[in-house]
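*Asks:* For the sequence shown, the working numbering assigns the number 3 to the initial residue and increments by one for each residue that follows.
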Amino acid sequence: MNNTAQTSRKATFNQLQKMFEEAAVEGPEAIQSHLRDVAFSLGAQAAIITEPNQMPQAINDLVTHFGRGIGTVIEEVTGKESKLDVAVYAVSSSKH
Numbered sequence: 003m004n005n006t007a008q009t010s011r012k013a014t015f016n017q018l019q020k021m022f023e024e025a026a027v028e029g030p031e032a033i034q035s036h037l038r039d040v041a042f043s044l045g046a047q048a049a050i051i052t053e054p055n056q057m058p059q060a061i062n063d064l065v066t067h068f069g070r071g072i073g074t075v076i077e078e079v080t081g082k083e084s085k086l087d088v089a090v091y092a093v094s095s096s097k098h
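1. Please report the straight-line C-alpha distance between A89 and A41, rounded to a whole angstrom.
2. Taking only three categories from DSSP, how would you classify A92?
3. Taking the C-alpha atoms as reference points, what is the distance between A48 and N4?
4. Quick check: A46 and H36, are their CB atoms within less than 7 Å of each other?
5. State the DSSP-derived secondary structure class of S1, mapped to helix, strand or coil.
6. To the nearest angstrom, how far is the alpha carbon of T9 from that of N16?
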């Protein structure tokens, strides 16, 4: 990963962390709302750049990275190695 990508990722994380901390001041419901908003935004962005037939893989990739984030924090908080596997086993869509 080059320095520009690292800087961008860190800036993204810092902005999300700031938003999370602002929500935390308001309480658990605000935190849940924030997380839902972030999930919605990620889904919308994935849909923009992903062909419909590739969407299951895109969702699986996002969920895998979501799990890595959880595992990393668990490991940092507990000091114990964490192995958390997450995967999407089915994605369905209906046409209106």
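Even for Gly, the Cβ is constructed at its ideal location relative to N, Cα and C.
*Replies:* Short version:
1. 16 Å
2. coil
3. 23 Å
4. no
5. Summary: the structure shown does not reach residue 1, with the chain confined to residues 3 through 98, and so no result is reported for it.
6. 10 Å
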